[in-house]
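Novice: Once you've had a glance at the structure underneath, I'll fire off some questions.
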Amino acid sequence: MQKKLRDMITADCQEVVGSSPEALDRLRNRLLYVTGGTGFVGTWIAELVCYLNERHDFGTRLILLGRDLDAFRKKAPHLAEKPEIQLVSSDVRDVIDLPAEVDYIIHAAATPDNRQHMSNPVAVMDSITRGTATILDAAMNLPHLAKILNISSGQVYGRQFSAGSAITEETVGALPCNSITSVYPGAKRYAETLCCAYWSSCKLPIVTARPFAFMGPYQSLDKPWAINNFIRDALTDNTIRIVSDGMPVRSYMYPSDMAYWLLRMLVDGTSGMAYNLGSPYGITLGDLAEKVKQYSSMVSDVVVKGMHEDNSVFVPDQGLVSSTLGLEIKVPIDETLKRSLRWFRETVKR
Amino acid sequence: MKNVIISDATLRDGSHALSHQLTREHIAQYCRAADAAGISIVEVGHGNGLGASSLQVGLSLLDDREMLQTARENLSRSRLGIHVIPGFATINNDLRYAFDYGVDVVRVASHCTEADITERHISYTREQGKEAYGVLMMSHMAPKEVLLDEALKMQSYGAEAVILMDSAGAYLPVDVLDRVGHLAASLKVPVGFHAHNNLGMGVANSVAAVEAGARIIDGASRGFGAGAGNAQLEVIVAVFERLQIKTGIDLYKALDAADIVEKTIMAAIPYISSVSLVSGLSGVFSGFAKHVGLAAREYGVDPRDIFFELGIRKVVGGQEDKIVEVAMELQDRKRRG
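Chain order of the listed sequences is D and P. Per my numbering, the very first residue in the first sequence carries number 52; after that it's consecutive. Per my numbering, the very first residue in the second sequence carries number -4; after that it's consecutive.
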């Protein structure tokens, strides 16, 4: 990876940690075990932990569990070489024992790629449900376990009937069981409830994060999500197309904010609680596309086809994480887009 | 007033009717006329789509590149579309170069229960910044719940529209209202409809589709398409004008384009032959008509019997070899009395 890209990520980490690394002091000299450790979430956790080690002498170690270590080594060779990071190749469902010295677990194994949810629904559900059960069973034997952070999904909120308002952790939406679109959120709901059962009956210390949408380094532009398509089309000078009327509202969190929030939820989250993970600042897809066009200096157009009306809002409420954990967004949407474009210009070029 | 996109299948579905013998002149002349008429999308290629030219389903006179290059040179306003069936068309050998020739819209098709096979082609198309539609062929063979499930897959892969194809011309308007309506109510992307005229319902079914929420309608000038032909494009435009459905197409120029097809491209105007009607009734792909006719003559059996037998066996496009097999079995049964 180019030095300027590494420097960019270091600056991102510095920004979110600021001058108060002590908020994460409980991680000092501890061992974190991250399932899905080589994916987008795991990679950013690794970046932030390595930053804390380098700049603030945290002495934190990481075990990253993943299925494609070669891809991780290619994507982030500087992380793969770190002595404090151990890479383990395994499917989460095949884990039997965890190292006894593990203090914290971040369970992030699952693909959010909806193409896979549709094409391999049984495998996706099995990976989430059995994978979660496997990790929780293994965690039962850990003598020093301080906390498990289960990464769920904002999709567990299901269909929202009160369009226009941000989604709080107490919101309950419909989730039709007999639809292929419920494969991922249905499995995530099951996984959350399973965590609740282990917390209740076995007193495992578990908190849950419900991620919404992200944009930034280490994301893949081939994902079929609006912002990824906008940026990809802008960088390849293709027309940005919006099929709807451009009015759906979404929000996007920069990944350094994501990683910092996750570590804070891990150390300070209350067991049994679920927290929203995402930016509370909504933006219409039409406005988002215009911003991408503006910041990318593309010459092609933004075309809003208006083939159907869509006033859906998928934006998390920030009230709980702000009031209980003191978390705020550090990277606003404009900066998120500028940094993302800078990153992808370099990485796509390479 | 509703807006509807008209996608013109004349130079693709019509290729079936011409045993895939479209010439450069056919393509150039028709593309100029379609472009002048303001038709949104003009599909060009072998009847079975990109990469399909073969002994099994018919060899094209021109190769794909020549067809695309000719079309591109003669289209300025209209977008150039292609039909792609994964398996016939591969990404590396076919789709990749199609973009070099300026293709704008890729309609990635599968049998109506096999949308899974479209994922890579749709994704690749989107990665190239081009429009990708998902197409569910032979849609009468699956209930609406299954069609929605398959359409949702295509939507998740990045399809910007999902087209229901009545490949056998088997639908009545009530079927169209039911199925298109079911998809339009649940998908986030527009629904399209592609009619065949085996039961004389091509235009009526297209109207029903728009009533049910479809935003993309396929048609072919003079109905030039497989079997009994497609919904007649210029008639669709005229009827839609009466219904105050906006297509953006100049009717007079669409009529001019249809005249070109009639006078210079087609050997005969499509009509509902006995065989085509049976094709619609039996729910078998209209494009089989020529193959069925040949097999019937060769083995001395009734082509209608072949169609009904193919319908019982639920044979789909790409299984053309089954036609001869069925004809031989019917011949054998006939001999045994």
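The beta carbon of each residue, even a glycine, is placed where N, CA and C say it ideally should be.
1) Looking at the secondary structure, which residues open and close the beta strand (DSSP E) in which D/A325 lies?
2) List, in chain order, every chain P residue whose beta-carbon is nearer than 8 Å to that of D/V294.
3) Indicate whether at least one CB of chain P lies closer than 8 Å to the CB of D/S170.
4) What do you reckon, are the CB atoms on P/V(-1) and P/K148 nearer than 8 Å?
5) Using a beta-carbon distance cut-off of less than 8 Å, what residues from the stretch 275 to 287 of chain D approach chain P?
6) How about D/R283 and D/L336: do their beta carbons lie closer than 8 Å?
7) Where DSSP assigns a beta bridge to D/G117, which residues make up the other side?
8) If you follow the alpha helix (DSSP H) that P/F235 is part of, which residue opens it and which one closes it?
9) Take D/I147 as the anchor and find which of D/V366, D/A189, D/V350 and D/A62 has the nearest alpha-carbon.
10) Going by alpha carbons, who is nearest to D/K389 out of D/V92, D/V353, D/Q369 and D/K344?
11) Whole angstroms are fine: how far does the CA of D/R210 sit from the CA of D/S71?
12) Within 8 Å (strictly less), CB to CB, does D/M358 reach chain P?
13) Output the distance between the C-alpha atoms of P/G44 and P/R7, rounded to the nearest integer angstrom.
14) Return yes when the Cβ of P/D30 is within less than 8 Å of the Cβ of P/S2, no when it is not.
15) Could you confirm whether any beta carbon from chain P is found closer than 8 Å to the beta carbon of D/R166?
16) Around the C-beta of D/Q53, are 16 or more other C-beta atoms found within 10 angstroms, so that it is buried, or is it exposed?
17) For the alpha helix (DSSP H) containing D/Y102, list its first residue and its last residue.
18) Helix, strand or coil for D/E243 per DSSP?
19) P/R174 to P/H135, Cα distance in whole Å?
20) Which residues, taken in chain order from the stretch 214 to 231 of chain D, show a beta carbon closer than 8 Å to some beta carbon of chain C?
21) How about D/N289: is its C-beta nearer than 8 Å to some C-beta of chain P?
22) Hey, P/A207 and P/L172: beta-carbon distance below 8 Å or not?
23) What residue ranges within the stretch 141 to 200 of chain P form continuous beta strand (DSSP E) runs of no fewer than 3 residues, ordered along the chain?
24) Which whole-angstrom value is the C-beta distance of P/A215 and P/G224, which I expect to be below 8 Å?
25) If we count the other Cβ atoms within 10 Å of its Cβ and call it buried at 16 or more, is P/N69 buried or exposed?
26) Given P/G195, which residues of its chain have a CB within under 7 Å of its CB, disregarding the five upstream and five downstream residues?
27) Please classify P/D213: does DSSP put it in a helix, a strand, or coil?
28) Taking the alpha carbon of P/V37 as the reference point, which residue from P/A156, P/D99 and P/Q16 has its own alpha carbon closest?
29) Taking C-beta to C-beta, are P/A290 and P/V319 nearer than 8 Å?
30) With distances taken from CA atoms, which of D/W394, D/P134 and D/L120 is nearest D/Y269?
31) Is any non-hydrogen atom of the ligand HEM found closer than 7 Å to the C-beta of D/L78, if you look at the structure I gave you?
32) My output table needs one value for P/K241: the three-state DSSP class, helix, strand or coil.
33) Whole-angstrom Cβ separation of D/G110 and D/R79, contact assumed at under 8 Å?
34) For D/Q137, collect the residues of the same chain with a Cβ closer than 6 Å to its Cβ; drop the 5 residues on either side in sequence, then sort them by chain order.
35) If I'm right that D/Y235 touches D/T222 with Cβ under 8 Å, what's the distance once you round it to whole angstroms?
36) At the level of alpha carbons, what is the spacing between D/M169 and P/V296?
Specialist: The answer reads as follows:
1) A325 to L328
2) E155, A156, K183, V184 and P185
3) yes
4) no
5) P275, N280, R283, D284 and T287
6) no
7) D/S140
8) L228 to R237
9) D/A189
10) D/K344
11) 38 Å
12) yes
13) 7 Å
14) no
15) yes
16) exposed
17) F91 to H107
18) helix
19) 9 Å
20) Absent from the structure is chain C; the protein chains it does hold are D and P.
21) yes
22) yes
23) 157 to 160 and 186 to 189
24) 7 Å
25) buried
26) I267
27) strand
28) P/D99
29) yes
30) D/W394
31) Only the bare structure without any ligand can be found here, which leaves the ligand HEM out of the picture.
32) strand
33) 6 Å
34) I114
35) Between D/T222 and D/Y235 the Cβ distance is about 18 Å, and since that is not below 8 Å, they are no contact.
36) 44 Å
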